[in-house]
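Encoded as structure tokens, the structure appears first; notes follow it.
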Amino acid sequence: MTSWNLIINGDQLVKERNLRIMATIQKKERAVALEELIDEGWEHRRTYSDSRFISVQKKKPFDQLFEDQVWMLMLKLGFTNMNRGRNFKMKCDFKNCEHTQQIDVFAADEETVVIIECKAAESLRTISFKKEIEAFTGQMPCLRVEAQKRFPGCKVKFIWATQNINLTKADSKTLENNDVISFTDNTIGYYYELVKHLGNSARYQFLGHLFSNTDIRNMDNRVFAIRGKMGNNVYFSFSIEPAKLLKIGYVLHRNEANSSMMPTYQRLIKKNRLREIQNFIDQGGYFPNSLIISIDNRGRDLKFEQAAAKNFPTQSKIGTLYLPKKYRSAYIIDGQHRLYGYANSKYKDHDIVPVIAFVDMDQDEQVRMFMDINEKQKAVPKVLRATLDADVLWVSKDKNKQRQALRSRIAQTLGEESSSPLYGRIIIGENSSSPIRCITITQIQMALGRCRFFSEYSNNTGLKKKGSFDFENNDETCKVFYPFLEACFHKIKTRAQLEWEKGKAGILTTNRGIYALIRVFDDIISLLVEENKVNIISDNFEKIQAEVEYYLEPLITWLNDIPDEDRLELSGIYGGGADVKYWRFFQNVIHSTHSEFDPEGLDKYILDKAKTFNEESFKMLHDIETAVRRLVIRKLEESEKYSKIQQGIPKDIIKRLYSDAVDHDYSTEKAFDFLTLGNCREIAIYSNNWSELFEKELTRPNSKGSKETKTEWLEKLNSLNKKKESQYSVTQDEFEFLKEIYQWFQVD
Numbered sequence: 016m017t018s019w020n021l022i023i024n025g026d027q028l029v030k031e032r033n034l035r036i037m038a039t040i041q042k043k044e045r046a047v048a049l050e051e052l053i054d055e056g057w058e059h060r061r062t063y064s065d066s067r068f069i070s071v072q073k074k075k076p077f078d079q080l081f082e083d084q085v086w087m088l089m090l091k092l093g094f095t096n097m098n099r100g101r102n103f104k105m106k107c108d109f110k111n112c113e114h115t116q117q118i119d120v121f122a123a124d125e126e127t128v129v130i131i132e133c134k135a136a137e138s139l140r141t142i143s144f145k146k147e148i149e150a151f152t153g154q155m156p157c158l159r160v161e162a163q164k165r166f167p168g169c170k171v172k173f174i175w176a177t178q179n180i181n182l183t184k185a186d187s188k189t190l191e192n193n194d195v196i197s198f199t200d201n202t203i204g205y206y207y208e209l210v211k212h213l214g215n216s217a218r219y220q221f222l223g224h225l226f227s228n229t230d231i232r233n234m235d236n237r238v239f240a241i242r243g244k245m246g247n248n249v250y251f252s253f254s255i256e257p258a259k260l261l262k263i264g265y266v267l268h269r270n271e272a273n274s275s276m277m278p279t280y281q282r283l284i285k286k287n288r289l290r291e292i293q294n295f296i297d298q299g300g301y302f303p304n305s306l307i308i309s310i311d312n313r314g315r316d317l318k319f320e321q322a323a324a325k326n327f328p329t330q331s332k333i334g335t336l337y338l339p340k341k342y343r344s345a346y347i348i349d350g351q352h353r354l355y356g357y358a359n360s361k362y363k364d365h366d367i368v369p370v371i372a373f374v375d376m377d378q379d380e381q382v383r384m385f386m387d388i389n390e391k392q393k394a395v396p397k398v399l400r401a402t403l404d405a406d407v408l409w410v411s412k413d414k415n416k417q418r419q420a421l422r423s424r425i426a427q428t429l430g431e432e433s434s435s436p437l438y439g440r441i442i443i444g445e446n447s448s449s450p451i452r453c454i455t456i457t458q459i460q461m462a463l464g465r466c467r468f469f470s471e472y473s474n475n476t477g478l479k480k481k482g483s484f485d486f487e488n489n490d491e492t493c494k495v496f497y498p499f500l501e502a503c504f505h506k507i508k509t510r511a512q513l514e515w516e517k518g519k520a521g522i523l524t525t526n527r528g529i530y531a532l533i534r535v536f537d538d539i540i541s542l543l544v545e546e547n548k549v550n551i552i553s554d555n556f557e558k559i560q561a562e563v564e565y566y567l568e569p570l571i572t573w574l575n576d577i578p579d580e581d582r583l584e585l586s587g588i589y590g591g592g593a594d595v596k597y598w599r600f601f602q603n604v605i606h607s608t609h610s611e612f613d614p615e616g617l618d619k620y621i622l623d624k625a626k627t628f629n630e631e632s633f634k635m636l637h638d639i640e641t642a643v644r645r646l647v648i649r650k651l652e653e654s655e656k657y658s659k660i661q662q663g664i665p666k667d668i669i670k671r672l673y674s675d676a677v678d679h680d681y682s683t684e685k686a687f688d689f690l691t692l693g694n695c696r697e698i699a700i701y702s703n704n705w706s707e708l709f710e711k712e713l714t715r716p717n718s719k720g721s722k723e724t725k726t727e728w729l730e731k732l733n734s735l736n737k738k739k740e741s742q743y744s745v746t747q748d749e750f751e752f753l754k755e756i757y758q759w760f761q762v763d
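Under our numbering, the sequence shown has 441 at position 426, and the numbering climbs by one with no breaks.
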């Protein structure tokens, strides 16, 4: 028989919640049993005033912690009848009442029953539950009947919830075929986040997920509406009670949990803003602007009974519209805050809100409309915009934009797929950053955009450059390229795990480290293709990976024992060129073992890094600085405008020069020996000094523009001069620039 006595509500739910939120199991025992209890894994908490009794505790096992997490989520979603403890059982055999099934989480309210099976692992693993799923799905008919006896008229839904588990494709298919909803860590995390923002109003999203396109009972779906047309899109304008729209409405948030739902373009609703809106509504406030939705009617015409109208001079039609009586049939394109502001309002069943409803609007149209509406408000975050590229541009007529969408899709898949080594490390949509999740989609997009994996096209869509992994359409290219990229990251992760796990604290799983890895993967593939060692189209996956891994070995060895000086150098790299410097550094590590791995530009990097030009460069710098200083002092001394040299120098520079002289025990007469190239530039452009004294002598040949532009060379040399005391290596380009200035300035 079903143990209905273990289904609780009201105050009993509060007591059960207090037990579920604890990370430990606690109980009262006799003090004489303490030694035996310790042997069983318990630890002493405290002794009661009656010293014969003690309180002991032990950590909950990971599977129980997961069950508690799922149970708590259902409570937060507003379910009012739930199971107590872990021993709730339901009858699972029509013929035999003694045959029962233990249920991990049972949750019910006046409309819905949810029965949840929970499976957890201590670390991420791929596990097959073939037998368990077959047994569970076989018992579902009886469990449904049993639940509806107790909760008549309720819809019953079954969930298979997992933590740290990748289901096999076969298991996922079996669950799908039997209408069992699969909840992963991502899904549960998403609903916890949604509850944090919406409170128990998140149940509308939850029910829409569970009962997508199933009928809503006893709903009056009629509204008076005006039918019209915008472009190729039919739309209806009407007003409706928020309570009705909340039931059929659905918001697709860009989040790892919704990666398979397109388009997923909305930002998560903000709780503070929601509370403000509800207070505004409850105090009699209203919103005159319309919510915008797209009704999903599976390509069928909505039932619309046109009203009789004589001599009505418009193409619009007035009549009665019959909305779908189904969960998740109306996607909220704009106005989610306004709608959910009514979720807990006393006016949700009485107010009416204006709505513009399109019918079966294309996904890319929905995203574009959302972007157009919010662009003017500057409300679309940069990270969200990046992920929308994959939705909008996937089938664009512009082939370069298709490749842009491909790069976006690959970047977000790396962060969303639980099989990916970068799962949970990439900032997706509304997910917040952390010391571990610190890689941006835009960084991966940029790295892929600078690789030769995908083809480039001219403006008229003609092929400009063939990509090594490009199969001429996004679907085929992604199907081949993504597993390759994931496998490369897997190799690095498994063989250099300590550095991989450091996240922001290391040099590998950061924006720059991942950028460098992707570029190196590209360099390796380009070399292998060029030397005919691999053929992407005809060779099997294992052969390509084996060839790539040969070149990754030196990098993996280095990552497992990074010299302190290398780590210090990389961690000290900042600025716009930091990504490239990381990439060149990784290239050089491989080149040191495999000399044939010699990508274009690496030789110059090695030359620059070797401090080959330092000695001669800093000697030229010293001579140029001395010559410029002498010129500035001489021109000021010769000037008829100034009776004293100090009059032609900004006061803050004079103050600093005198201070430097005193610090070095020099007289103030020696203060001008401390003039830097930067000071000389400031003096040259000070007041009318430039036109009257310095323009002819300090204008670099062929330099045009303002005095600031013509003297930029001085600031550039001044910046380089500041680095001579550090471990900086003068690059070949900087050396050539110095030589040019040296020769022009005719330094003796």
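All residues carry an ideal CB built from backbone N, CA and C; glycine is no exception.
{"Item": "Identify, in the order they occur along the chain, each residue of the same chain with its Cβ nearer than 6 Å to the Cβ of S274, setting aside the five sequence neighbours on each side.", "Value": "Any answer about S274 is weak, because its pLDDT of 44 lies below 50 and its placement is not dependable; what the coordinates show is given next. Within the same chain, S274 has close Cβ partners E431."}
{"Item": "Rounded to whole angstroms, what's the CA-CA distance from L735 to H212? Just pull it up for me.", "Value": "51 Å"}
{"Item": "Return yes when the Cβ of Q417 is within less than 8 Å of the Cβ of S411, no when it is not.", "Value": "yes"}
{"Item": "Ends of the beta strand (DSSP E) at E175?", "Value": "Note that residue 175 corresponds to Trp in the displayed sequence, not to Glu. W175 -> beta strand (DSSP E) spans 170-182."}
{"Item": "Would F556 and P614 qualify as a contact pair, given that the criterion is a beta-carbon distance under 8 Å?", "Value": "no"}
{"Item": "Can you tell me whether A531 is helix, strand or coil according to DSSP?", "Value": "helix"}
{"Item": "Just curious, the alpha helix (DSSP H) that N489 is in, first and last residue?", "Value": "489-510"}
{"Item": "Going along the chain, which unbroken runs of the alpha helix (DSSP H) with 4 or more residues stay wholly within the stretch 90-124?", "Value": "none"}
{"Item": "With DSSP collapsed to three states, give me the class of C133.", "Value": "strand"}
{"Item": "Is L354 near G477, with beta carbons less than 8 Å apart?", "Value": "no"}
{"Item": "Would you check if there are 3 or more beta carbon pairs closer than 8 Å linking the stretch 685-698 to the stretch 630-647?", "Value": "yes"}
{"Item": "With a threshold of 16 other CB atoms inside 10 Å of the CB of A217, please say whether the residue is buried or exposed.", "Value": "buried"}
{"Item": "Can you tell me where the beta strand (DSSP E) holding Y369 begins and where it ends?", "Value": "Residue identity check: residue 369 is Pro in the sequence provided, not Tyr. First-last of the beta strand (DSSP E) with P369: 368-374."}
{"Item": "By Cβ distance below 6 Å, which residues in the same chain neighbour N193 in space, the five residues on each side in sequence not counted?", "Value": "T152"}
{"Item": "Between K104 and D200, what straight-line distance do the alpha-carbon atoms span, to the nearest angstrom?", "Value": "25 Å"}
{"Item": "If distances are taken between C-alpha atoms only, which option among S143, A520, V120 comes closest to L90?", "Value": "V120"}
{"Item": "I need the boundaries of the alpha helix (DSSP H) containing K582, first residue and last residue.", "Value": "According to the sequence provided, residue 582 is Arg. The question's Lys does not apply to it. Segment 579-586, the alpha helix (DSSP H) holding R582."}
{"Item": "Does the stretch 540-556 come close enough to the stretch 588-603 to have 3 or more Cβ pairs within less than 8 Å?", "Value": "no"}
{"Item": "Closest by CA to R101, which one among G616, S18, D554?", "Value": "S18"}
{"Item": "By DSSP, does N813 sit in helix, in strand, or in coil?", "Value": "With the chain covering 16 to 763 only, the question about residue 813 has no answer from this structure."}
{"Item": "Using alpha carbons as the reference points, say which of R649, E655, D364, V171 lies closest to N123.", "Value": "First, the residue type needs correcting, since residue 123 is Ala and not Asn in the sequence shown. Among R649, E655, D364, V171, the Cα nearest to that of A123 is on V171."}
{"Item": "Please report the Cβ distance between M384 and I347, rounded to the nearest whole angstrom; I am assuming they are in contact, meaning their Cβ atoms lie under 8 Å.", "Value": "Not confirmed; about 12 Å, so no contact."}
{"Item": "Evaluate the contact criterion for the stretch 710-730 versus the stretch 601-610: three or more CB pairs, one atom per stretch, below 8 Å.", "Value": "no"}
{"Item": "Expressed to the nearest angstrom, what Euclidean distance is found between the alpha-carbon atoms of C493 and F144?", "Value": "29 Å"}
{"Item": "Do you know how far the Cα of I540 is from the Cα of E161?", "Value": "59 Å"}
{"Item": "So the candidates are T62, R67, M245, V71; which of them puts its Cα closest to the Cα of D54?", "Value": "V71"}
{"Item": "Just the C-alpha distance for E751 and E631, rounded to the nearest angstrom, thanks.", "Value": "11 Å"}
{"Item": "Do G314 and E375 have their beta-carbon atoms positioned less than 8 Å apart in this structure?", "Value": "Here the sequence assigns Asp to residue 375, which means Glu is not the residue at that position. It is a contact, given that the beta carbons lie within the stated cut-off."}
{"Item": "In angstroms, rounded to a whole number, what distance separates the CA positions of K619 and G482?", "Value": "26 Å"}
{"Item": "Round the Cβ separation of Y342 and S227 to the nearest angstrom and send it over; I've been treating them as touching at under 8 Å.", "Value": "6 Å"}
{"Item": "Can you give me the C-alpha to C-alpha distance between R269 and S360, rounded to a whole angstrom?", "Value": "Note on R269: pLDDT 45, under 50, position unreliable in the model; no value is reported."}
{"Item": "F496 and F484 look like a contact to me (Cβ under 8 Å); what is the Cβ gap, rounded to whole Å?", "Value": "4 Å"}
{"Item": "In whole angstroms, give me the CA-to-CA distance for Q661 and Q419.", "Value": "58 Å"}
{"Item": "Please state whether DSSP places N33 in a helix, a strand or coil.", "Value": "helix"}
{"Item": "Does M16 pass the burial test, meaning 16 or more other C-beta atoms within 10 Å, or should it be called exposed?", "Value": "exposed"}
{"Item": "With H, G and I counted as helix, E and B as strand and the rest as coil, what does DSSP make of Q41?", "Value": "strand"}
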